[in-house]
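Student: Converting from the sequence shown to the numbering used here requires adding 21 to each position, the first position being numbered 1. All residues carry an ideal CB built from backbone N, CA and C; glycine is no exception. Following this message is one structure expressed as structure tokens.
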Amino acid sequence: MNAPAKTEDFVAPGAENKPAGIPDNVYAETVLAVEHYTDFLFRFRMTRPAGFRFRSGEFAMIGLVVGDKPIYRAYSIASPSWDEELEFFSIKVPDGPLTSHLQKIKPGDTVLMRKKPTGTLVLDALTPGKRLYMFSTGTGIAPFASLIRDPETYEKFDEVILTHTCREVAELKYGFDLMEEIRNHEFLSEIVGDKLKHYPTVTRDPSYSNQGRITDLIESGKLFTDLGVPPLEPATDRGMICGSTEMLKDTKALLEAAGLTEGANSQPAEFVIERAFVG
Ligand code: A2P
Numbered sequence: 022m023n024a025p026a027k028t029e030d031f032v033a034p035g036a037e038n039k040p041a042g043i044p045d046n047v048y049a050e051t052v053l054a055v056e057h058y059t060d061f062l063f064r065f066r067m068t069r070p071a072g073f074r075f076r077s078g079e080f081a082m083i084g085l086v087v088g089d090k091p092i093y094r095a096y097s098i099a100s101p102s103w104d105e106e107l108e109f110f111s112i113k114v115p116d117g118p119l120t121s122h123l124q125k126i127k128p129g130d131t132v133l134m135r136k137k138p139t140g141t142l143v144l145d146a147l148t149p150g151k152r153l154y155m156f157s158t159g160t161g162i163a164p165f166a167s168l169i170r171d172p173e174t175y176e177k178f179d180e181v182i183l184t185h186t187c188r189e190v191a192e193l194k195y196g197f198d199l200m201e202e203i204r205n206h207e208f209l210s211e212i213v214g215d216k217l218k219h220y221p222t223v224t225r226d227p228s229y230s231n232q233g234r235i236t237d238l239i240e241s242g243k244l245f246t247d248l249g250v251p252p253l254e255p256a257t258d259r260g261m262i263c264g265s266t267e268m269l270k271d272t273k274a275l276l277e278a279a280g281l282t283e284g285a286n287s288q289p290a291e292f293v294i295e296r297a298f299v300g
């Protein structure tokens with residue numbers, strides 16, 4: 022007979038590999054791939070729990086057991102809602118409570134994720150429009166990495182403009198890789214077509230052609246001239262902003278000056294904002 026002799030021999034399904042110290046009410050997922058871009062930036066992919074649902078653009082609490090207790094930080098989910106895996110784009114802070122450990126993860130390691138995703142950078146929080154601007158600095162590109170790979174974005178908008186500003190050109194690589202992935206993707210390439218425009222700029226690297234803070238480029242009108250589009254217009258244009266607190270404040274002021282109103286899940290309007298969390 023195969024029945025275990027003692028109660029302790031029973032192991033809950035899926036719990037066989039759960040390392041010690043992991044709370045019961047969180048997902049414990051397996052790292053599948055890690056890519057380091059610079060000394061301060063990396064991305065990783067991990068398994069997606071069965072039954073975990075989210076809207077493209079939302080964030081989740083990601084964590085690791087450090088010592089004997091878990092530490093969590095908010096991370097935008099960078100993969101689209103249809104993806105079988107989850108992707109995250111992270112900064113590495115040398116003495117950061119979470120990222121100093123997270124930057125060392127390898128395929129096969131366990132990463133924790135709290136069960137409920139949330140966030141305002143979702144298509145549902147915007148009223149219908151023609152052109153969607155996604156304004157990002159640094160790791161603020163992560164929620165847009167999700168949205169630009171979601172077919173629903175292109176069902177709702179004729180034109181999608183992703184701006185990404187970093188200090189140096191090496192920090193733009195994740196964005197370039199995303200564009201290439203979409204171009205080479207079996208079904209996304211057809212859905213996206215020429216609707217998606219990427220507008221990368223740097224502020225502290227003279228070696229690159231596109232220079233300047235996005236706020237200055239909006240104010241001077243250079244962004245619109247370069248893209249060949251009219252200036253911001255509430256009837257047609259929608260915006261999403263993700264970056265540092267200061268960048269959000271300054272970009273929001275420019276959108277409001279152009280007549281756009283901030284929205285939320287409960288009250289969709291013309292633009293939405295979210296802080297790029299791990300700084
Ligand atoms: P700058 O180099 O002129 O400060 P950080 O690494 O400090 O978060 O900055 C990421 C990018 O965001 C940098 O290119 C930085 O430009 C830019 N940035 C910082 N603050 C603002 C702001 N208030 N408005 C627009 N861009 C900003």
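#1: Looking at the structure shown, is Glu175 part of a helix, part of a strand, or coil, going by DSSP?
#2: Determine the extent of the alpha helix (DSSP H) in which Val213 is found, giving its start and end residues.
#3: Look up Ala290 in the DSSP assignment and say whether it is helix, strand or coil.
#4: In or out: His185 buried (at least 16 other Cβ within 10 Å) or exposed?
#5: Does Glu211 pass the burial test, meaning 16 or more other C-beta atoms within 10 Å, or should it be called exposed?
#6: Touching or not, the region 98–113 and the region 146–153, by the rule of three or more beta carbon pairs under 8 angstroms?
#7: Report all residues from its chain with a CB closer than 6 angstroms to the CB of Asp215; omit the five preceding and five following residues, and keep chain order.
#8: I need the straight-line Cα distance from Gly140 to Ile92, nearest angstrom please.
#9: For Arg225, count the other beta carbons within 10 Å of its own beta carbon; 16 or more makes it buried, fewer makes it exposed. Which is it?
#10: At a cut-off of 7 angstroms, would you count Cys187 as near ligand 1, judging by its Cβ distance to the nearest heavy atom?
#11: If you draw a straight line from the alpha carbon of Lys177 to that of Lys151, how long is it in whole angstroms?
#12: Over the uninterrupted beta strand (DSSP E) stretch that includes Pro221, give me the two end residues.
#13: Are the beta-carbon atoms of Leu253 and Ile262 separated by less than 8 angstroms?
#14: Just to confirm, are Gly78 and Leu123 a CB contact at a threshold of 8 angstroms?
#15: List the endpoints of the continuous alpha helix (DSSP H) containing Gly196.
#16: Confirm the yes/no value for this check: CB of Ser265, any heavy atom of ligand 1, distance under 7 angstroms.
Tutor: According to the structure shown:
#1: Note that residue 175 is Tyr in the sequence shown, not Glu. Note: Tyr175 maps to helix in three-state DSSP.
#2: 209–213
#3: strand
#4: buried
#5: exposed
#6: no
#7: none
#8: 20 angstroms
#9: exposed
#10: yes
#11: 8 angstroms
#12: 217–223
#13: no
#14: no
#15: 194–205
#16: yes
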